[in-house]
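Residue numbers (my numbering): 677 to 991.
Where is the CB? At the ideal position from N, CA and C, for every residue including glycine.
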């Protein structure tokens, strides 16, 4: 009986603190960019887990399958179906901003997550600081990359906000501080492992074993480089990434990837739902939250392996 009373009191406090009217429920749509992508899968799973803390929110998760047209159509359908709020992981902010603004004009608040709200600034925004994300592994590189090293650099899609910011972080933290380091080549691999692998195969043909480090703006491209180097019998290269996803953590555990900066999907989903609850309760109109980055390397890899095991990304 005491346990039941505690549960009821806790629920009452949650209702009171949230500002929701008792018994009122809200329909919230979450538009995931591509649930087959590891980060997006973690993000979607986090929303589905955390929403249990918000009994007033009825969550509908939609997978846009990396199709901008499908994401725009889903945004339009959210208006016609009368959702109370929309959370969207933009596939391409520039391509979807007009539709996001249309949703807001229809009286439905929007929160972008894992992407900027550039062009739709009336939307709330949950993201990471990409400059910080680049700076964190770059600080590790300052300690580990040898003097007069040769490095190659892998970028995300052309003009991408996160890729550009991470590259800026690398420039400010590492390259400006290490004029002795030579950039042998710098290419776009569009976040993809296979494109990173193909570039690394070409670089190995061109530069042989003179490559000392790979500076990648995400983990997947770095993991592709690792596969190419292993196939060529090169074992003494340092690899730096960003995202901190399960595959990257396993690679660090195997002494392959050197370091990465986590982009914490759980923290972003948690922040987006917190903002959503306060917008719907009338406490705020909008808010921006930047999820902090954290270095993952051999010193704390066991902790992150455990995190990804608990969230189901590592079986």
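- Between residue 920 and residue 900 the beta-carbon gap is near 17 angstroms, outside 8 angstroms, which marks them as no contact.
- Going by beta carbons, residue 763 and residue 948 fall inside the 8 angstroms limit.
- With 16 or more neighbouring CB atoms inside 10 Å of its own CB, residue 765 falls in the buried class.
- In the DSSP annotation of this structure, residue 705 is not part of any alpha helix (DSSP H); the continuous beta strand (DSSP E) holding it starts and ends at 702-708.
- Taking residue 724 as reference, the option from 951, 946, 974, 979 with the minimal CA-CA separation is 946.
- Non-local beta-carbon contacts of residue 793 in its own chain, meaning distances under 6 angstroms to residues more than five positions away in sequence, involve 799, 801 in chain order.
- Taking a contact as a CB-CB distance under 8 angstroms, the pair residue 825 and residue 888 counts as one, their CB atoms being some 4 angstroms apart.
- In this model, residue 796 and residue 773 are separated by some 5 angstroms (Cα to Cα).
- Sequence-distant partners of residue 857 (beyond 5 residues in either direction) whose C-beta falls short of 7 angstroms from its own C-beta, in its chain, are 821, 825, 827, 851.
- If you draw a straight line from the Cα of residue 884 to the Cα of residue 935, it is about 23 angstroms long.
- C-alpha of residue 781 to C-alpha of residue 741: approximately 26 angstroms in a straight line.
- In the DSSP secondary-structure assignment, residue 762 is bridged to 705, 786.
- Beta-bridge analysis with DSSP links residue 965 to 802.
- Only buried fits residue 869, as 16 or more other CB atoms lie within 10 angstroms of its CB.
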